[in-house]
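A.B. asks: Residue numbers (the working numbering): 651 to 1028. Once you've had a glance at the structure underneath, I'll fire off some questions.
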Amino acid sequence: MVKYIGSKRVLVPVIEKLARQLPVRTVCDLFAGTTRVSQGLRRAGLSVHCNDLAAYSEALGFAYIAADETLDRARIRELLDHLSGLPPEHGYFTETFCIQSRFFQPHNGMRVDAIRNEIERLDLSPVERGVLLTSLMEAADRVDSTCGLQMAYLKRWAARSFNDLELREPKPVPGPAGTVSRRDANELVGSLGDFDCAYLDPPYNQHSYFSNYHIWETLMRWDAPEHYGVACKRVDCKTTKSAYNLRRSAWQAFSSLIERLPTPWMIVSFNNEGFHDPDDVAALLSEKGCLWSVAIDFKRYVGAQIGIFNPSGEKVGQVSHLRNRELLFVVGPDQAALDAAVHGLAPTDTADVQQALFWSSSQATQRARRYSHSGPNS
Ligand SMILES: C[S@@+](CC[C@H](N)C(=O)[O-])C[C@H]1O[C@@H](n2cnc3c(N)ncnc32)[C@H](O)[C@@H]1O
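In structure tokens, the structure reads:
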């Protein structure tokens, strides 16, 4: 799975377990990113629709959410063998991301160019294409020379960048097959089908995913865009903005999404590093039904652990703090079902979570409870 800021790796087991215990069978993940959470929801037996604005998320969605047992995996392995054996080519990717910038070593960049050109020529179904693109993106991610963001590359080559690019088959995810879209969540909500639950994990702050992962976007679109700056970002990074990344529009975007969402249940992730006050989020959500929430402290993303770097990869500072707080809200129409699902969470579900604070609430009243090893009720 690719490195991704804001990815819910630590929370997936908790969300997956919650989903198993809530009275829901269908869910839409409107800001799916890596699709990690969508995959957890699929494993929990739910029928999942995953959506995101990013082209790379759509490819991941085809590979991990839409792929089902009808996918001919023997053919996929043959195609991966064929792509792995192609002679390297010096194309846009090598020139832009290995010569003009140093995100990847040229021996790997030239293989990316050859493989990506061939994927464009092959006659593929959308799922096959998503599986091959995912395999290529994940292979490139394993040999990159970044801290996990594509705003800058390391001054000295990362040790992993010397390895050879290796295509692997994206593993099938058990559970019912789902569907994928690439839409603005606030537009999609107007035509959303009949879902029992929505999972929402919007961007929290000004950092644009389109800019932070511009190389994956270009690798998927394969449109050889004009670029600017040391990081060779696509020129449309200057104009492509999500309403969730602007302080002046983020609350309006989020609150109008919540108000218009027709699903009876919602699971919402939030982060204390964002624009919004968690109390405002809790008040907004409590208007939709019974509310429970959990706050979890954990280590910030790897880039924050390493420090702050200038565009040439020199360390120029320390980040202000190394832990952040993730908030998870669950909203639904049935207090008894909510209590049952929440109380089914065992302390081991949050084993790598430090100092978790559990509290549950009905409508706007909240009772804070200190979490201890004997469980959320103690
Ligand atoms: C916090 S990340 C989601 C991370 C995801 N839950 C995971 O575990 O990988 C937020 C995502 O929202 C997407 N996004 C930003 N604005 C959007 C919009 N208006 N509609 C849909 N997706 C959007 C970004 O591309 C990004 O992938």
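Ideal placement from N, C-alpha and C gives every residue a C-beta, glycine not left out.
1) Look at the Cβ atom of V652, then the Cβ atom of A717, and state whether they are nearer than 8 Å.
2) CA-CA distance, D705 and L934?
3) For F681, does the three-state DSSP call read helix, strand or coil?
4) Can you tell me which of the three DSSP states R975 falls into?
5) What whole-angstrom Cβ distance do G982 and W915 have, given they're in contact under 8 Å?
6) Work out the CA separation of R659 and C847 for me, nearest whole Å.
7) When DSSP labels each residue in this structure, what does G982 get in the three-state scheme?
8) Let me make sure I understand the geometry here. Which of C748, S899, S697 has the alpha-carbon closest to that of W807?
9) Whole angstroms is fine: what's the gap from N895's alpha carbon to G711's?
10) For I665, is the classification buried or exposed, using 16 other Cβ atoms within 10 angstroms of its Cβ as the cut-off for buried?
11) Between which two residues does the alpha helix (DSSP H) holding S858 run?
12) Please determine, among W942, C678, D984, the residue with the shortest C-alpha to C-alpha distance to L638.
13) On the criterion of 16 or more Cβ atoms from any shown chain inside 10 Å, does A986 qualify as buried, or is it exposed?
14) How far does the beta strand (DSSP E) with W915 in it extend, from its first residue to its last?
15) In three-state DSSP terms, what is R692?
16) Can you name, in chain order, every residue of its own chain whose Cβ lies under 7 Å from the Cβ of S657, other than the five neighbours on each side?
17) Any heavy atom of ligand 1 closer than 7 Å to the Cβ of K938?
18) In the DSSP assignment, the alpha helix (DSSP H) including Y1049 goes from what residue to what residue?
19) What distance in whole Å lies between the Cβ atoms of R884 and H877, which are believed to be in contact at a cut-off of 8 Å?
20) Do you know how far the Cα of P776 is from the Cα of D763?
21) In this structure, how does DSSP classify W942 when only helix, strand and coil are distinguished?
22) When you measure from the CB of S943 to every non-hydrogen atom of ligand 1, does any distance come out below 7 Å?
23) Which residues in the same chain as T746 place their Cβ atom closer than 7 Å to its Cβ, once the five residues preceding and following it in sequence are excluded?
24) Go through its chain and collect everything with a Cβ distance to V662's Cβ below 7 Å, but skip five positions before and after it.
25) Quick check: what's the CA-CA separation for T913 versus T676?
26) If you run the structure through DSSP and keep just helix, strand and coil, what is H740?
27) Quick check on DSSP: helix, strand or coil for D814?
28) Looking at C-alpha atoms only, which residue of D851, G994, F753, L680 is the closest neighbour of L838?
29) In terms of residues, what are the limits of the alpha helix (DSSP H) holding S734?
30) What are the boundary residues of the alpha helix (DSSP H) that includes S906?
31) Roughly how many angstroms separate the alpha carbons of V698 and P824, rounded to a whole number?
32) Considering only residues of the same chain and omitting the five flanking positions on each side of T744, which have a CB-CB separation below 6 Å?
33) L661 bridges to which residues according to DSSP?
34) Is N836 near ligand 1, in the sense that its beta carbon is under 7 Å from a heavy atom of that ligand?
35) State the DSSP-derived secondary structure class of A991, mapped to helix, strand or coil.
C.D. replies: Well, looking at it:
1) Walking along the sequence shown from the start, residue 652 turns up at place 2. Walking along the sequence shown from the start, residue 717 turns up at place 67. For V652 and A717, no; Cβs fall outside 8 Å.
2) By 1-based counting over the sequence shown, the position of residue 705 is 55. By 1-based counting over the sequence shown, the position of residue 934 is 284. The displayed chain sequence assigns Ala, not Asp, to residue 705. If I take the Cα positions, the gap works out to 31 Å.
3) Within the sequence shown, numbered from 1, the residue matching residue 681 stands at position 31. Coil at F681, not helix or strand.
4) By 1-based counting over the sequence shown, the position of residue 975 is 325. In the structure shown, R975 sits in a strand (DSSP, three-state: E or B).
5) For the purposes of this step, residue 982 is identified with residue 332 of the sequence shown, where counting begins at 1. For the purposes of this step, residue 915 is identified with residue 265 of the sequence shown, where counting begins at 1. Distance from G982 to W915 at the Cβ level is roughly 4 Å; contact confirmed, criterion being Cβ atoms closer than 8 Å.
6) As a position in the sequence shown, residue 847 is number 197, starting the count at 1. As a position in the sequence shown, residue 659 is number 9, starting the count at 1. Distance between the alpha carbons of C847 and R659: 20 Å.
7) Locating residue 982 in the sequence shown gives position 332, counting from the first residue. The answer is strand: DSSP assigns G982 an E or B state.
8) One-based indexing of the sequence shown puts residue 807 at position 157. Among C748, S899, S697, the Cα nearest to that of W807 is on C748.
9) Sequence index remark: in the sequence shown, residue 895 carries index 245 (1-based). Sequence index remark: in the sequence shown, residue 711 carries index 61 (1-based). Rounded to the nearest angstrom, the two C-alpha atoms are 23 Å apart.
10) In the sequence shown, residue 665 corresponds to position 15, counting from 1. Flag for I665 reads buried.
11) Taking the first residue of the sequence shown as 1, we reach residue 858 at position 208. DSSP places S858 in no alpha helix (DSSP H); its state is neither H nor E.
12) Residue 638 lies beyond the residue range present for the chain, which begins at 651 and ends at 1028; the question has no answer from this structure.
13) For the purposes of this step, residue 986 is taken as the residue at position 336 of the sequence shown. Taking a 10 Å sphere around the C-beta of A986, we find fewer than 16 other C-beta atoms and assign the residue as exposed.
14) In the sequence shown, counting from the first residue as 1, residue 915 sits at position 265. Note, W915: beta strand (DSSP E), 915-921.
15) By one-based count along the sequence shown, residue 692 stands at place 42. Secondary structure of R692 (DSSP, three-state): helix.
16) Along the sequence shown, read from residue 1 onward, the residue named residue 657 stands at position 7. G683, T684, R686, listed in sequence order.
17) Numbered from its first residue, the sequence shown carries residue 938 at position 288. Using a cutoff of 7 Å, the CB of K938 does not count as near ligand 1, since none of the ligand's heavy atoms is closer than that.
18) One cannot answer for residue 1049 here, as it falls past the ends of the chain, which runs 651 to 1028.
19) Within the sequence shown, numbered from 1, the residue matching residue 877 stands at position 227. Within the sequence shown, numbered from 1, the residue matching residue 884 stands at position 234. Contact between H877 and R884 holds: CB atoms are separated by about 6 Å, below the 8 Å threshold.
20) Sequence index remark: in the sequence shown, residue 763 carries index 113 (1-based). Sequence index remark: in the sequence shown, residue 776 carries index 126 (1-based). So the alpha carbons of these two residues sit roughly 20 Å apart.
21) The residue given as residue 942 occupies position 292 in the sequence shown. If DSSP states are grouped into helix, strand and coil, W942 belongs with the strands.
22) Locating residue 943 in the sequence shown gives position 293, counting from the first residue. No, the beta carbon of S943 sits no closer than 7 Å to any heavy atom of ligand 1.
23) The residue you call residue 746 lines up with position 96 of the sequence shown. For T746, where only same-chain residues beyond five positions count, the Cβ hits under 7 Å are H877, C882.
24) Start at 1 with the first residue of the sequence shown, and residue 662 comes out as number 12. R686, V687, G690, listed in sequence order.
25) For the purposes of this step, residue 913 is taken as the residue at position 263 of the sequence shown. For the purposes of this step, residue 676 is taken as the residue at position 26 of the sequence shown. Straight-line Cα distance between these residues: approximately 10 Å.
26) Here the question's residue 740 lines up with position 90 in the sequence shown. Three-state result, H740: coil.
27) Locating residue 814 in the sequence shown gives position 164, counting from the first residue. Here D814 sits in coil by DSSP.
28) To locate residue 838, count along the sequence shown from 1; it is residue 188. Comparing alpha-carbon positions, the option among D851, G994, F753, L680 lying closest to L838 turns out to be L680.
29) One-based indexing of the sequence shown puts residue 734 at position 84. Its alpha helix (DSSP H) spans residues 723-734.
30) Translated into positions along the sequence shown, residue 906 becomes position 256. It spans 897-910 - the alpha helix (DSSP H) in which S906 sits, taken as one unbroken run.
31) Here the question's residue 698 lines up with position 48 in the sequence shown. Here the question's residue 824 lines up with position 174 in the sequence shown. Their Cα atoms are separated by approximately 12 Å.
32) As a position in the sequence shown, residue 744 is number 94, starting the count at 1. Cβ within range, chain order: P756, G759, M760, D763.
33) Mapped onto the sequence shown, residue 661 falls at position 11. Assignment of beta-bridge partners to L661 by DSSP yields no partner.
34) Sequence index remark: in the sequence shown, residue 836 carries index 186 (1-based). Checking every heavy atom of ligand 1 against the Cβ of N836, one is found closer than 7 Å.
35) Residue 991 sits at position 341 when you count from the first residue of the sequence shown. Note: A991 maps to helix in three-state DSSP.
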